[in-house]
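Enquirer: In our numbering, the protein residues as written are 15 to 455.
Glycine included, each C-beta is placed from N, C-alpha and C at the ideal position.
Given the structure is predicted, the values throughout are model-derived calculations rather than measurements.
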Amino acid sequence: MQTSTPNNMLLKRSVASVWHPCTQMKQHETAPLIPVAYAKGCWLYDPDGRRYLDAVSSWWVNLFGHANERINGELRKQLEELAHVMLAGFTHRPVVELSERLSRRTGGELGHCFYGSDGASAVEIALKMSFHYWRNTGSPEKTQFASIAGSYHGETLGALSVTDVAIFKDTYAPLLRVGARVPSPDWRLAAAGESPREYAARCAQALERHLEEHHERTAALIVEPLVQGATGMAMYDAEYLRRARAICDRYGTHLIADEIMTGLGRTGTFFAYEQAGITPDFLCLSKGITGGYLPLSVVLTRDSIYDAFYDDSVARAFLHSHSYTGNALACRAALATLDIFDADDVINANRAKAARLSSRAEPLARHERIRNFRNTGMIWAFEIDAADPQIGRRVHEAALAREILLRPIGSTVYFMPPYTMSEDEQDMLVMRTLDIVDSLQ
Ligand SMILES: Cc1ncc(COP(=O)(O)O)c(C=O)c1O
15 MQTSTPNNML
25 LKRSVASVWH
35 PCTQMKQHET
45 APLIPVAYAK
55 GCWLYDPDGR
65 RYLDAVSSWW
75 VNLFGHANER
85 INGELRKQLE
95 ELAHVMLAGF
105 THRPVVELSE
115 RLSRRTGGEL
125 GHCFYGSDGA
135 SAVEIALKMS
145 FHYWRNTGSP
155 EKTQFASIAG
165 SYHGETLGAL
175 SVTDVAIFKD
185 TYAPLLRVGA
195 RVPSPDWRLA
205 AAGESPREYA
215 ARCAQALERH
225 LEEHHERTAA
235 LIVEPLVQGA
245 TGMAMYDAEY
255 LRRARAICDR
265 YGTHLIADEI
275 MTGLGRTGTF
285 FAYEQAGITP
295 DFLCLSKGIT
305 GGYLPLSVVL
315 TRDSIYDAFY
325 DDSVARAFLH
335 SHSYTGNALA
345 CRAALATLDI
355 FDADDVINAN
365 RAKAARLSSR
375 AEPLARHERI
385 RNFRNTGMIW
395 AFEIDAADPQ
405 IGRRVHEAAL
415 AREILLRPIG
425 STVYFMPPYT
435 MSEDEQDMLV
445 MRTLDIVDSL
455 Q
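1) Hey, quick one: how far does the alpha helix (DSSP H) through residue 351 stretch, first residue to last?
2) Going by the C-beta, is residue 137 closer than 7 angstroms to any heavy atom of ligand 1?
3) Have a look at residue 72 and residue 214 and give me their C-alpha separation to the nearest angstrom.
4) Do residue 314 and residue 116 have their C-beta atoms closer together than 8 angstroms?
5) Indicate the three-state DSSP secondary structure (helix, strand or coil) for residue 242 in the structure shown.
6) Given a threshold of 16 other Cβ atoms within 10 Å of its Cβ, counted over all protein chains shown, does residue 93 qualify as buried or as exposed?
7) So, is residue 110 buried or exposed, given that buried needs 16 or more other C-beta atoms within 10 angstroms?
8) Rounded to a whole number of angstroms, what is the C-alpha to C-alpha distance between residue 317 and residue 201?
9) At a threshold of 7 angstroms, does residue 161 count as lining ligand 1 (C-beta to nearest heavy atom)?
10) Can you name, in chain order, every residue of its own chain whose Cβ lies under 6 angstroms from the Cβ of residue 442, other than the five neighbours on each side?
11) Once you ignore the five residues that flank residue 68 on each side, which residues in its own chain have a CB closer than 8 angstroms to its CB?
12) Exposed or buried, residue 406, counting other C-beta atoms within 10 Å across all chains shown (16 or more means buried)?
13) Kindly indicate which three-state DSSP category residue 419 falls into: helix, strand or coil?
14) Looking at the structure shown, is residue 298 part of a helix, part of a strand, or coil, going by DSSP?
15) How far does the alpha helix (DSSP H) with residue 110 in it reach, from first residue to last?
16) Just how far apart, CA to CA, sit residue 164 and residue 242?
17) Please report the distance separating the alpha-carbon of residue 263 from that of residue 233.
18) With respect to 7 angstroms, is the separation between the Cβ of residue 391 and the closest non-hydrogen atom of ligand 1 below this value?
19) Between which residues of its own chain and residue 301 is the CB-CB distance below 8 angstroms, once the five residues before and five after are set aside?
20) Within the same chain, show all residues whose beta-carbon is closer than 8 angstroms to that of residue 190, passing over the 5 residues directly before and after it, in chain order.
21) Buried or exposed: residue 181, going by 16 or more other Cβ atoms within 10 Å of its Cβ?
22) For residue 15 and residue 22, I'd like the C-alpha separation in whole angstroms.
23) Measuring straight from C-alpha to C-alpha, what distance separates residue 240 and residue 390?
24) Which first and last residues belong to the alpha helix (DSSP H) in which residue 29 is found?
25) Alpha carbon to alpha carbon, how far is residue 260 from residue 408?
26) Should residue 19 be labelled buried (16 or more other beta-carbon atoms within 10 Å of its own) or exposed?
27) Does the beta carbon of residue 168 fall short of 7 angstroms from some heavy atom of ligand 1?
28) Locate the alpha helix (DSSP H) running through residue 228, then write down its first and last residues.
29) Could you check if residue 246 is buried or exposed, using at least 16 other CB atoms within 10 Å of its CB as the buried criterion?
30) Locate the alpha helix (DSSP H) running through residue 5, then write down its first and last residues.
31) Taking DSSP as the reference, what is the three-state secondary structure of residue 404?
32) Which whole-angstrom value describes the C-beta separation of residue 204 and residue 210, a residue pair presumed to lie in contact below a C-beta threshold of 8 angstroms?
33) Here's the rule: buried if 16 or more other CB atoms are within 10 angstroms of the residue's CB, otherwise exposed. What is residue 36?
34) Less than 8 angstroms separating the beta-carbons of residue 290 and residue 252?
35) Thinking residue 125 and residue 158 are a contact (beta carbons under 8 angstroms), I'd like their distance in whole angstroms, please.
36) With a threshold of 6 angstroms on Cβ separation, who are the neighbours of residue 293 within its own chain once the five nearest residues in sequence on each side are excluded?
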């Protein structure tokens, strides 16, 4: 029988009053919620002092650890000056500085930033902007979007329309726009003897065939550059992006890079698309942009696209808004995050950290029960060979019992640690994951 400790009371109150995201709430009858009282660095602590190593960066958002002194300090100062003001008709220093610095990160090619709150709102903005651009420039028939098989772009209706993960999408199918799905360059799908690059080129040919036929109605192709996260950390060769860029140019179709998960250094470069030597027409960022502190998203786009909205006519303007667009506190957290990238040469430092973790993880990569061990930048993933459809849940629970937070996607286990994870913590993560894999029946 459960005792009525303050913790248990909190859990009861939570299931009685909070509808938790992405959750069948009935499962909490047997799998209790985990109360988090505070967090520091890579660790989450419950009120009784139990701790969990945050190996998934709290849903892929945290970059520099929890309660980071530098981000905290900047936020405290910002709080004394300005927390929020509406961005229509007003502006403020943090949003201007952030826009300038993000644009510089694209080499100035994407000159304007439009802000939202969560990732899905950025995707909605990019889709609407692309369609509206074509309408403003005399191609109103471009109303369709293409996305990649296994794509994930968020849960709102527009974002879900370009998503291809059945468990999230199928129920809402009657509410969604029909879009086109092109083959995924995920290298696990390559034919025997075919390299990831050759397979990526083959998938690009399929994209070309699609656009050849449908370009007149297609406004944009949306991609998750290099890693398709929510479908199970599917990784692919940059060749696909190189070719997709050229194909989109050839057929007058925008390329939207959804870097909500892959941006901010996660794949080893500041933006994943850099590895293909291209620039998208729209770039969606969120998650890590505030270091995992506050909800903020942003869509960067080319000035030539911005210019198509610049007119005396209000109807030609992009009349989209969210109340918290460009929130000053969130922008300050983002500026503090960019400061850390600059001051600590994070991209280079991560290279060494990633190489170390990969070498420590070799026993995992070689393990007889593990398939497709893979790594891109600061993401590692593998499948566990198991007939049990509940394997992911079992790994999650076994990991919690070993002070590790893992959140497998089906049979895919992945590590997406904060960049500040120490060598000892890396070793703990690998050793305990090995122990879990060994312990599975
Ligand atoms: C690639 C990608 N796009 C969009 C989203 C949606 O972001 P949010 O959950 O903040 O709405 C996610 C979330 O995981 C994502 O990984």
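Expert: With the structure as the only source:
1) Residue numbering aside, residue 351 sits at position 337 when the sequence shown is read from its first letter. Taken as a continuous stretch (DSSP letters only), the alpha helix (DSSP H) holding residue 351 covers 342-357.
2) Translated into positions along the sequence shown, residue 137 becomes position 123. Yes; taking the cut-off as 7 angstroms, the Cβ of residue 137 has a heavy atom of ligand 1 nearer than that.
3) Sequence index remark: in the sequence shown, residue 72 carries index 58 (1-based). Sequence index remark: in the sequence shown, residue 214 carries index 200 (1-based). Between residue 72 and residue 214, the C-alpha separation is close to 31 angstroms.
4) In the sequence shown, counting from the first residue as 1, residue 314 sits at position 300. In the sequence shown, counting from the first residue as 1, residue 116 sits at position 102. Yes.
5) As a working note, residue 242 is residue 228 in the sequence shown. In this structure, residue 242 counts as strand in the three-state DSSP scheme.
6) Stepping through the sequence shown from its first residue, residue 93 is reached at position 79. The residue in question, residue 93, is exposed, as its Cβ has fewer than 16 Cβ neighbours within 10 Å.
7) Within the sequence shown, numbered from 1, the residue matching residue 110 stands at position 96. Exposed, since its Cβ has fewer than 16 Cβ neighbours within 10 Å.
8) Working through the sequence shown from its first residue, we reach residue 317 at position 303. Working through the sequence shown from its first residue, we reach residue 201 at position 187. Residue 317 and residue 201: Cα-Cα distance of roughly 35 angstroms.
9) Within the sequence shown, numbered from 1, the residue matching residue 161 stands at position 147. Incorrect: residue 161 has no Cβ contact closer than 7 angstroms to ligand 1.
10) On the sequence shown, residue 442 is found 428 positions in, with the first residue counted as 1. Cβ neighbours of residue 442 beyond the five flanking positions: none.
11) Numbered from 1 along the sequence shown, position 54 holds the residue referred to as residue 68. 53, 56, 57, 58, 76, 80, 419, 431 and 432.
12) Counted from its first residue, the sequence shown places residue 406 at position 392. Buried, since its Cβ has 16 or more Cβ neighbours within 10 Å.
13) For the purposes of this step, residue 419 is taken as the residue at position 405 of the sequence shown. It is a strand residue.
14) Along the sequence shown, one-based indexing puts residue 298 at 284. Residue 298 falls in the strand class under three-state DSSP.
15) Against the sequence shown, residue 110 aligns to sequence position 96. Start and end: 107-119.
16) Residue 164 sits at position 150 when you count from the first residue of the sequence shown. Residue 242 sits at position 228 when you count from the first residue of the sequence shown. The alpha-carbon atoms of residue 164 and residue 242 are separated by roughly 7 angstroms.
17) In the sequence shown, residue 263 corresponds to position 249, counting from 1. In the sequence shown, residue 233 corresponds to position 219, counting from 1. Between residue 263 and residue 233, the C-alpha separation is close to 12 angstroms.
18) Counting from one through the sequence shown, the residue named residue 391 turns up at place 377. No, Cβ of residue 391 sits at least 7 angstroms from all heavy atoms of ligand 1.
19) Counting from 1 along the sequence shown, the entry for residue 301 is found at position 287. 73, 74, 75, 133, 274, 275, 277 and 278, listed in sequence order.
20) Working through the sequence shown from its first residue, we reach residue 190 at position 176. These residues qualify, in order along the chain: 171, 174, 175 and 183.
21) Counting from one through the sequence shown, the residue named residue 181 turns up at place 167. With fewer than 16 other Cβ atoms within 10 Å, it is exposed.
22) The sequence position of residue 15 within the sequence shown is 1, counting from 1. The sequence position of residue 22 within the sequence shown is 8, counting from 1. The predicted model places residue 15 with a pLDDT of 48, which falls under 50 and marks its position as unreliable; any figure quoted below should be read in that light. Using only the alpha carbons, I get a separation of about 11 angstroms.
23) Residue 240 sits at position 226 when you count from the first residue of the sequence shown. Residue 390 sits at position 376 when you count from the first residue of the sequence shown. Going from the Cα of residue 240 to the Cα of residue 390 covers about 8 angstroms.
24) Your numbering for residue 29 matches position 15 in the sequence shown. Here the alpha helix (DSSP H) through residue 29 covers 20-31.
25) Residue numbering aside, residue 260 sits at position 246 when the sequence shown is read from its first letter. Residue numbering aside, residue 408 sits at position 394 when the sequence shown is read from its first letter. For residue 260 and residue 408, the distance between alpha carbons rounds to 44 angstroms.
26) Here residue 19 is taken as the residue at index 5 of the sequence shown, counted from 1. Residue 19 comes out exposed.
27) As a working note, residue 168 is residue 154 in the sequence shown. Yes, the beta carbon of residue 168 sits closer than 7 angstroms to at least one heavy atom of ligand 1.
28) Taking the sequence shown and counting its residues from 1, one reaches residue 228 at position 214. From DSSP, the alpha helix (DSSP H) with residue 228 extends over 210-228.
29) The residue labelled residue 246 in the question sits at position 232 within the sequence shown. It is buried - the Cβ of residue 246 has at least 16 other Cβ atoms within 10 Å.
30) Because the chain spans 15 through 455 in this model, residue 5 falls outside it and cannot be assessed.
31) By 1-based counting over the sequence shown, the position of residue 404 is 390. DSSP places residue 404 in coil when its eight states are reduced to three.
32) Taking the first residue of the sequence shown as 1, we reach residue 204 at position 190. Taking the first residue of the sequence shown as 1, we reach residue 210 at position 196. The Cβ separation is near 6 angstroms, so the contact holds.
33) Position 22 of the sequence shown, counted from the start, is the residue given in the question as residue 36. Residue 36 is exposed by the Cβ-count criterion.
34) Start at 1 with the first residue of the sequence shown, and residue 290 comes out as number 276. Start at 1 with the first residue of the sequence shown, and residue 252 comes out as number 238. Contact flag set, yes.
35) Mapped onto the sequence shown, residue 125 falls at position 111. Mapped onto the sequence shown, residue 158 falls at position 144. At roughly 27 angstroms, the Cβ-Cβ gap does not stay under 8 angstroms, so residue 125 and residue 158 are not in contact.
36) Along the sequence shown, one-based indexing puts residue 293 at 279. Once the five neighbours on either side are set aside, the close Cβ partners of residue 293 are 123.
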